[in-house]
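Below is one structure, written out as structure tokens; comments come after it.
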Amino acid sequence: ATPVKLSDYRVPDHVVTQVHLDVVLHPTATRIRATSEVAPHRQGRAGAPLVFDGDGLMLASIAIDGVALATDAYAATPDRLTIHQPPRGPFRLTVETVIDPQANTQLMGLYRSSGTWCTQCEAEGFRRITYFPDRPDVLAVYTTRIEAEKKAAPVLLGNGNLVEAGDLPDGRHYAVWHDPHPKPSYLFALVGGDLAVVTDSFTTRSGREVALGIYVEHGKEDRCAYAMDALKRSMRWDEEAFGCEYDLDVFNIVAVSDFNMGAMENKGLNIFNDKYVLALPDTATDQDYAAIEAIIAHEYFHNWTGNRITCRDWFQLCLKEGLTVFRDQEFSSDMRSRAVKRIADVRLLKSHQFAEDAGPLAHPVRPEIYHEINNFYTATVYEKGAEVIRALKVLIGETAFRAGMDLYLARHDGDAATVEDFIACFAEAGGRDLSQFFLWYRQSGTPEVSVATRHDAVAGTFTVTLSQRHRPTPGQTDKQPMVIPLAFGLVGEDGRDRPLLDEDGRQVAAVITLDEPQKTVTFSGHPTRPVLSINRGFSAPVALKTDLTAADLAFLAGHDGDAYNRWQAIQSLATEHLVGASRGNTRPGGADAIAAALAHVIDGAAADPAFAAQALTLPSEADIAREMGAEVDPAAVFAARKTLKLHLSASLGDRLAALRERFATPGPYSPDAASAGRRALVNVALDLWAASGDDARLAVVEARFAGADNMTDRFAALAVLAQHPGARREAALAAFRERYRTDALILDKWLALQAAIPEDGTLARVEALLADPAFAMGNPNRLRALVGGFATGNATQFNRPDGAGYAFLARVVTDTDPRNPQVAARLLQAFRSWRALEGGRRSLARAALERVAGVAGLSPDVRDIVDRMLS
Ligand code: B3K
Ligand code: ZN
Numbered sequence: 006a007t008p009v010k011l012s013d014y015r016v017p018d019h020v021v022t023q024v025h026l027d028v029v030l031h032p033t034a035t036r037i038r039a040t041s042e043v044a045p046h047r048q049g050r051a052g053a054p055l056v057f058d059g060d061g062l063m064l065a066s067i068a069i070d071g072v073a074l075a076t077d078a079y080a081a082t083p084d085r086l087t088i089h090q091p092p093r094g095p096f097r098l099t100v101e102t103v104i105d106p107q108a109n110t111q112l113m114g115l116y117r118s119s120g121t122w123c124t125q126c127e128a129e130g131f132r133r134i135t136y137f138p139d140r141p142d143v144l145a146v147y148t149t150r151i152e153a154e155k156k157a158a159p160v161l162l163g164n165g166n167l168v169e170a171g172d173l174p175d176g177r178h179y180a181v182w183h184d185p186h187p188k189p190s191y192l193f194a195l196v197g198g199d200l201a202v203v204t205d206s207f208t209t210r211s212g213r214e215v216a217l218g219i220y221v222e223h224g225k226e227d228r229c230a231y232a233m234d235a236l237k238r239s240m241r242w243d244e245e246a247f248g249c250e251y252d253l254d255v256f257n258i259v260a261v262s263d264f265n266m267g268a269m270e271n272k273g274l275n276i277f278n279d280k281y282v283l284a285l286p287d288t289a290t291d292q293d294y295a296a297i298e299a300i301i302a303h304e305y306f307h308n309w310t311g312n313r314i315t316c317r318d319w320f321q322l323c324l325k326e327g328l329t330v331f332r333d334q335e336f337s338s339d340m341r342s343r344a345v346k347r348i349a350d351v352r353l354l355k356s357h358q359f360a361e362d363a364g365p366l367a368h369p370v371r372p373e374i375y376h377e378i379n380n381f382y383t384a385t386v387y388e389k390g391a392e393v394i395r396a397l398k399v400l401i402g403e404t405a406f407r408a409g410m411d412l413y414l415a416r417h418d419g420d421a422a423t424v425e426d427f428i429a430c431f432a433e434a435g436g437r438d439l440s441q442f443f444l445w446y447r448q449s450g451t452p453e454v455s456v457a458t459r460h461d462a463v464a465g466t467f468t469v470t471l472s473q474r475h476r477p478t479p480g481q482t483d484k485q486p487m488v489i490p491l492a493f494g495l496v497g498e499d500g501r502d503r504p505l506l507d508e509d510g511r512q513v514a515a516v517i518t519l520d521e522p523q524k525t526v527t528f529s530g531h532p533t534r535p536v537l538s539i540n541r542g543f544s545a546p547v548a549l550k551t552d553l554t555a556a557d558l559a560f561l562a563g564h565d566g567d568a569y570n571r572w573q574a575i576q577s578l579a580t581e582h583l584v585g586a587s588r589g590n591t592r593p594g595g596a597d598a599i600a601a602a603l604a605h606v607i608d609g610a611a612a613d614p615a616f617a618a619q620a621l622t623l624p625s626e627a628d629i630a631r632e633m634g635a636e637v638d639p640a641a642v643f644a645a646r647k648t649l650k651l652h653l654s655a656s657l658g659d660r661l662a663a664l665r666e667r668f669a670t671p672g673p674y675s676p677d678a679a680s681a682g683r684r685a686l687v688n689v690a691l692d693l694w695a696a697s698g699d700d701a702r703l704a705v706v707e708a709r710f711a712g713a714d715n716m717t718d719r720f721a722a723l724a725v726l727a728q729h730p731g732a733r734r735e736a737a738l739a740a741f742r743e744r745y746r747t748d749a750l751i752l753d754k755w756l757a758l759q760a761a762i763p764e765d766g767t768l769a770r771v772e773a774l775l776a777d778p779a780f781a782m783g784n785p786n787r788l789r790a791l792v793g794g795f796a797t798g799n800a801t802q803f804n805r806p807d808g809a810g811y812a813f814l815a816r817v818v819t820d821t822d823p824r825n826p827q828v829a830a831r832l833l834q835a836f837r838s839w840r841a842l843e844g845g846r847r848s849l850a851r852a853a854l855e856r857v858a859g860v861a862g863l864s865p866d867v868r869d870i871v872d873r874m875l876s
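full-length UniProt numbering applies: residue 6 is where the sequence shown begins, and numbers increase by one.
The following block contains the structure:
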């Protein structure tokens, strides 16, 4: 297939300004009549044929201005409608298509989930409903009439406001929705089904009454309260933080159980994976609550960053995604602890995005070429896209940043914009040239920054030399130096930041901007050596190499005024140790130094339990592997980490045990951040404490499992038990399954947990679970839980030395591909770090990938991933 290139962008030859959709829902033969007001684009090619996109469509009828077209005037294939000589001026085009939602297993376009008709159009799903210029720079006003059998679909929802509804003969009814805001087709949505609704309302700051609705399966109404609360908080926050007010009379959310990703920001009608809506203390963990809050906010925030200002083309995806992730992260930081949110976000960034950037799937935040756009909804576009905006804010300062955002929102409202448009607003607001900054969007790979320091006691100076390095990534060998804003401090013996004075004794800013290959900065006023705390708050998304000693790190862990760097210091200490141990060399006393740092954390835990929980969480196996970079033996990594855990379990045992009492959460469960932080601390301590495998300790864990009054504690205890083979584990797993036997969403946790057991028997267990009634191959959440959980959550077993883990994943991917290419392509990405493995596993992984590549008739999605993976 020919790739799509950014440099080939052209305006469309024809635009649609208004479209009226008439949809008659039917399980297997849904009829869509689309009437579009079409006009030639002013800058398009005059007299060009009209070409509309399609995907698997069958044309039932076609007319221009009410007159049926002669068969030689057009050509209709499943994926394209061409009108050879369309009128030179505006005209009305009516096309009718008939589609089969029941047979739609891709979950793109119009499909059914547990009997409900629903849609997913981003990126290119609308073309599976009707022929249309299915590209984000064609903005039209939509009116949608939906008709259905009333019994099958008493609820009929569309974008915008409801303008008309009524009954029809023969038990049928209809509803008409009108969305006054021009939008691209990817934001179109409709829903029809027998759903329950929870309602509320919100008054915007200018006094608009907005009716809020969350639609769920009957019987799940009591699980929507937290999502509704998060929605209202998001709406208020966006007014206060960004001046963004909601613009329709209705905002609806529909939760469905079959969904390819998290959620979708369709205008006025968000459709969600029910995993990110439903929550009760007994069904959702604190992490689930936090994810619901973040995703509800994210989709809502898209109303301005994505919907009112959309993307000119899909290369600009980060324009809406990176920015909206940045906004939802800011929201969660304001709702919770900023430092802890930052740590959690960076953890995620490093484990997903840094890994992506270091492997064969690396691509720029704004890619310049793609084969399949669905494969670019990546950690790089989303998470690195958000980091780049945060770095921009550090670089230009808070005031200029806010002015730039205001300018962007005002200037581009109603536009299909580009990343250049966005950055230009900040260049203007900040009065500076941001062309070097733009490299963050064009260059792939994680920049490496090395820091060396020198103290001159006689002169009283402290010199910091920074350099940047950019390794080659796919398609990019020569790279230019970037502009990297590094927030920093110089910490004195007393743990306090010293004044930042240049050589002439003048006060300087707490940010070093590294914009050349190398830079040296000298500070005065340091008769004794300070400790450098750099990249505070993770101000730039770079891989840092410093000359900090283990003693410096231990000092920063205890004293750095920047909480993020306190956490980072502990991580660095532990990672260094674990990387060494994974390669068979440990420094004497290394584990003791870590234990001492953690003891200090435990003793000061009362100041911020959630922070302490993060600090007590050791680097993951994936973190260690990523740091190793090459020749990774996952079994050795696991063993090194296990050994350290055993050491900590023994040396910190009493301290860890005491945390359970000290930080018990009194009273009934509440999902608030403070309570969640206490639970997180207790549960991470429980895991370390029980790591010894001591039977008396496991008995305590088992009792906590049985006595827990909320999912967070129950599941945390189960997760600890899962690490230890034996009757306790099996009994607890069985009890959990029995308790939630009717709740597929919750059994996903049960599936994922078993898939992650780091033991030889796990692959067999996973294969057996494929046949469990709790599992369903056709449901993306089930597949991600069991198979995704195995491939991404179980380093030793996915990377079994006999290659059986790879073969298993390859088989599931090729089995899933014909049904659901997007989910298959996503699962396959578990191989993304295969080149960093040691030789034996590397060749087995390659063989598995080559088997996938050899399958005839692969989807474009899987083909694209496997080709890039092997190239
Ligand atoms: N914009 C959607 C993602 C669509 C993915 C299409 N393959 C959800 C989000 O980022 O908010
Ligand atoms: Zn998004």
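Think of the CB as a built atom: it goes at the ideal place given N, C-alpha and C, for glycine as much as any other residue.
For clarity, every value in this text was computed on a predicted model and none was experimentally measured.
When you compare only the Cα positions, how much space is there between residue i and residue j?
i, j, result
"Phe-193", "Asn-166", "13 Å"
"Val-345", "Gly-49", "51 Å"
"Asp-523", "Ser-472", "The amino acid at residue 523 is misidentified as Asp; the sequence shows Gln. Using only the alpha carbons, I get a separation of about 4 Å."
"Asn-109", "Thr-35", "12 Å"
"Leu-723", "Ala-602", "28 Å"
"Gly-798", "Ala-760", "8 Å"
"Thr-385", "Arg-840", "19 Å"
"Asn-380", "Phe-264", "16 Å"
"Phe-493", "Phe-560", "16 Å"
"Leu-832", "Leu-758", "17 Å"
"Ala-598", "Leu-558", "10 Å"
"Gly-248", "Ala-405", "16 Å"
"Glu-397", "Tyr-745", "Looking at the sequence itself, residue 397 is Leu, so the reference to Glu does not match. Approximately 46 Å between the Cα atoms of the pair."
"Ala-773", "Pro-141", "44 Å"
"Pro-479", "Gly-698", "45 Å"
Roughly how far, in whole angstroms, is the beta-carbon of residue i from the beta-carbon of residue j, given that I think they are within contact range, below 8 Å?
i, j, result
"Leu-26", "Thr-149", "5 Å"
"Asp-18", "Arg-132", "Not really, about 17 Å apart at Cβ, beyond 8 Å."
"Thr-209", "Glu-244", "7 Å"
"Thr-329", "Thr-310", "5 Å"
"Gly-530", "Leu-553", "About 21 Å; that fails the 8 Å criterion."
Going by the CB atoms, is the gap between residue j and residue i shorter than 8 Å?
i, j, result
"Thr-451", "Pro-546", "yes"
"Val-43", "Pro-95", "yes"
"Leu-657", "Leu-693", "yes"
"Leu-444", "Gln-485", "yes"
"Arg-856", "Ala-815", "yes"
Buried or exposed, going by whether 16 or more other CB atoms sit within 10 Å of the CB of residue i?
i, result
"Asn-590", "exposed"
"His-475", "buried"
"Leu-353", "exposed"
"Tyr-14", "exposed"
"Lys-10", "exposed"
"Thr-7", "exposed"
"Val-469", "buried"
With contact counted as at least three CB pairs below 8 Å, one residue from each stretch, are the region 232-243 and the region 149-164 in contact? no
Between the region 781-796 and the region 748-756, do at least 3 Cβ pairs fall closer than 8 Å? Because the criterion of three Cβ pairs below 8 Å is met, the region 781-796 and the region 748-756 touch.
Does the region 427-436 come within contact of the region 400-408, defined as at least 3 CB pairs closer than 8 Å? yes
Pairs of beta-carbons, one from the region 296-305 and one from the region 714-734, closer than 8 Å: are there three or more? They do not touch, by the three-pair rule.
Answer yes if the region 669-679 comes into contact with the region 705-713, meaning at least three C-beta pairs across the two stretches below 8 Å, and no otherwise. Using a Cβ-Cβ distance cut-off of 8 Å, the region 705-713 and the region 669-679 are not in contact, since fewer than three pairs of beta carbons, one from each stretch, lie closer than that value.
Can you confirm whether the region 856-875 touches the region 811-819 when touching is taken to mean that 3 or more C-beta pairs between the two stretches lie within less than 8 Å? yes
Say whether the region 408-417 touches the region 485-492, bearing in mind that this needs 3 or more beta-carbon pairs closer than 8 Å, one atom from each stretch. no
Hey, is the region 116-125 in contact with the region 78-97, meaning 3+ C-beta pairs nearer than 8 Å? no
Can you confirm whether the region 216-235 touches the region 314-332 when touching is taken to mean that 3 or more C-beta pairs between the two stretches lie within less than 8 Å? The region 314-332, when compared against the region 216-235, does not touch it at the 8 Å Cβ threshold.
Check whether the region 332-347 touches the region 612-628, counting contact only when three or more Cβ pairs, one atom from each stretch, lie closer than 8 Å. Counting Cβ pairs under 8 Å, three or more are found: they touch.
Is it the case that the region 692-707 contacts the region 353-369, given that we only count it when at least three CB pairs across the two stretches are under 8 Å? no
So, do the region 655-672 and the region 270-281 have three or more beta carbon pairs nearer to each other than 8 Å? no
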